[in-house]
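Inspection log for the structure reproduced underneath, given as structure tokens.
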Amino acid sequence: MIDSPTIDHRITFFVKESMLGPQISAQLTQLAKKFKCIVYIDNITRARCADISYSLGLLKVGLQKGDFCQLITVGIDAELANFVLTDLLSSTFNFVASDRLCHFSDSIVTQYPQLKPICDVDFHYVKAQTQLSKFEMLKGVSQLICPEKTDELLLAFIKREEKSSTTIARQIALPHVITPLVKKPTIAVIRSDYATDWASKMGDVNLIVGLVLPSPPTREMVITATQLTRSMLSAEFCLRLIATRQPVGLQAMLLYGMGRVLE
Numbered sequence: 001m002i003d004s005p006t007i008d009h010r011i012t013f014f015v016k017e018s019m020l021g022p023q024i025s026a027q028l029t030q031l032a033k034k035f036k037c038i039v040y041i042d043n044i045t046r047a048r049c050a051d052i053s054y055s056l057g058l059l060k061v062g063l064q065k066g067d068f069c070q071l072i073t074v075g076i077d078a079e080l081a082n083f084v085l086t087d088l089l090s091s092t093f094n095f096v097a098s099d100r101l102c103h104f105s106d107s108i109v110t111q112y113p114q115l116k117p118i119c120d121v122d123f124h125y126v127k128a129q130t131q132l133s134k135f136e137m138l139k140g141v142s143q144l145i146c147p148e149k150t151d152e153l154l155l156a157f158i159k160r161e162e163k164s165s166t167t168i169a170r171q172i173a174l175p176h177v178i179t180p181l182v183k184k185p186t187i188a189v190i191r192s193d194y195a196t197d198w199a200s201k202m203g204d205v206n207l208i209v210g211l212v213l214p215s216p217p218t219r220e221m222v223i224t225a226t227q228l229t230r231s232m233l234s235a236e237f238c239l240r241l242i243a244t245r246q247p248v249g250l251q252a253m254l255l256y257g258m259g260r261v262l263e
């Protein structure tokens, strides 16, 4: 897996067919060579990543029907390559999110049943527009999840943070509580271009994934939350979360992590 660079664009998709047609494969490889950027496919399902500008790249990545992947363009022409390749691959890949599909989706598990977790989960997302403190981030998460009882949920988050910092990886915090304030598992994501001090030895954070479970949670809810948490212990998975800037792509990544533990 490549490091997350300054200039990159990602297309999140499921593979429709096990084999790409020879014409599409040839076009993809040829186009990848024309841009002033590197073009990778990251096969998340099979933990394989390859530069597809090389003829053996597509074979190495081993695309199979149903695989969950990202096509990553890195470099000066990354944005242009992203748009061109989206057009080329629209008949071959089932796009969950690209730079052309950047709106949050309330119906993502209906559109992509392979992402459906074993229990219902509510999602909320916002992009911070200014520098926010840790308290302000937690308050924002509380407002997204429980607008009618924000102060109660905020207090629960603060008490949890007093025990230990909820930074789970470099640049990512996972504040989490169990409370009767919600009826179903709820996730609120705040992304920021500004680093926030989370009082952690792991450093500042840019991505906050607030997780709230009802009290008492069902077995299915606990399994879902546990699998997501274990997936977020993977450095590779967290790098993808940081690098995936489209809200619906990030939502898909989190849902995928709930369904299986990603190493």
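Using UniProt numbering, read the sequence shown as starting at 1 and increasing by one per residue.
Where a beta carbon is used, it is the ideal one built from N, C-alpha and C, also for glycine.
Bear in mind that the values here come from a model prediction, so they are computed numbers and not experimental data.
Specify, as a first and last residue, the run of the alpha helix (DSSP H) that D193 falls within.
Translated into the one-based positions of the sequence shown, residue 193 becomes position 193. It is not in any alpha helix (DSSP H) - D193 instead sits in the beta strand (DSSP E) that spans T186 to T196.
Could you tell me if A26 is buried or exposed, where buried requires 16 or more neighbouring beta carbons within 10 angstroms of its beta carbon?
Here residue 26 corresponds to residue number 26 of the sequence shown, with the count starting at 1. With fewer than 16 Cβ atoms within 10 Å of its Cβ, A26 is classed as exposed.
Could you please give the first and the last residue of the uninterrupted beta strand (DSSP E) stretch that includes V39?
Locating residue 39 in the sequence shown gives position 39, counting from the first residue. Residues C37 to N43.
Give me, in chain order, the residues of the same chain whose beta-carbon lies closer than 6 Å to that of E17; leave out the 5 immediate sequence neighbours on both sides.
Stepping through the sequence shown from its first residue, residue 17 is reached at position 17. Around E17: K65.
For F14, collect the residues of the same chain with a Cβ closer than 8 Å to its Cβ; drop the 5 residues on either side in sequence, then sort them by chain order.
What you label residue 14 is simply residue 14 of the sequence shown in a count that begins at 1. Taken in chain order, the residues that qualify are G66, D67, F68, C69, F93, N94, V96, Y112 and Q114.
Looking only at its own chain, which residues have a Cβ that is under 6 Å from the Cβ of A32, when we skip the five neighbours before and after it?
The count along the sequence shown starts at 1 and reaches residue 32 at position 32. In its chain, beyond the 5 residues on either side, V39, I52 and S53 have a beta carbon closer than 6 Å to the beta carbon of A32.
Where does Q131 sit, in a helix, a strand or coil, going by DSSP?
Translated into positions along the sequence shown, residue 131 becomes position 131. Looking at Q131 - three-state DSSP - the assignment turns out to be coil, as it is neither helix nor strand.
Ignoring anything shorter than 4 residues, give me the alpha helix (DSSP H) runs that lie fully in the stretch 122 to 187, in order along the chain.
134 to 145 and 150 to 163
With DSSP as the reference, label R240 as helix, strand or coil.
Mapped onto the sequence shown, residue 240 falls at position 240. Note: R240 maps to helix in three-state DSSP.
Let me check you understand the geometry: is the CB of T110 closer than 6 Å to at least one non-hydrogen atom of the ligand ATP?
As for the ligand ATP, it is missing from this structure, which has no ligand bound.
Tell me the rounded alpha-carbon separation between E79 and H9.
Here residue 79 refers to the residue found at position 79 when the sequence shown is read from its first residue. Here residue 9 refers to the residue found at position 9 when the sequence shown is read from its first residue. The straight-line gap from Cα to Cα measures roughly 6 Å.
D193 versus P247: straight-line alpha-carbon distance, rounded
Your numbering for residue 193 matches position 193 in the sequence shown. Your numbering for residue 247 matches position 247 in the sequence shown. Straight-line Cα distance between these residues: approximately 14 Å.
Is the stretch 249 to 261 close to the stretch 120 to 136, with three or more CB pairs under 8 Å?
The stretch 249 to 261 is in contact with the stretch 120 to 136.
Could you name each continuous beta strand (DSSP E) segment of 3 residues or more that falls completely within the stretch 63 to 121, going from the start of the chain to the end?
68 to 75 and 93 to 97, all fully within the stretch 63 to 121.
Taking the alpha-carbon positions, what's the H176 to V141 distance?
Residue 176 sits at position 176 when you count from the first residue of the sequence shown. Residue 141 sits at position 141 when you count from the first residue of the sequence shown. Distance between the alpha carbons of H176 and V141: 10 Å.
Answer with buried or exposed for D151, where buried requires no fewer than 16 other C-beta atoms within 10 angstroms of its C-beta.
Counting from 1 along the sequence shown, the entry for residue 151 is found at position 151. With fewer than 16 Cβ atoms within 10 Å of its Cβ, D151 is classed as exposed.
In whole angstroms, what is the alpha-carbon distance linking Q30 and A243?
For this step, residue 30 is matched to residue 30 along the sequence shown. For this step, residue 243 is matched to residue 243 along the sequence shown. Going by the C-alpha atoms only, they are around 26 Å apart.
With distances taken between CB atoms, is the gap from R46 to G57 smaller than 7 Å?
On the sequence shown, position 46 is the one that residue 46 refers to. On the sequence shown, position 57 is the one that residue 57 refers to. Cβ atoms of R46 and G57: not closer than 7 Å.
Using the Cα positions of T160 and P180, report the straight-line distance between them to the nearest angstrom.
Counted from its first residue, the sequence shown places residue 160 at position 160. Counted from its first residue, the sequence shown places residue 180 at position 180. Note that residue 160 corresponds to Arg in the displayed sequence, not to Thr. Going by the C-alpha atoms only, they are around 16 Å apart.
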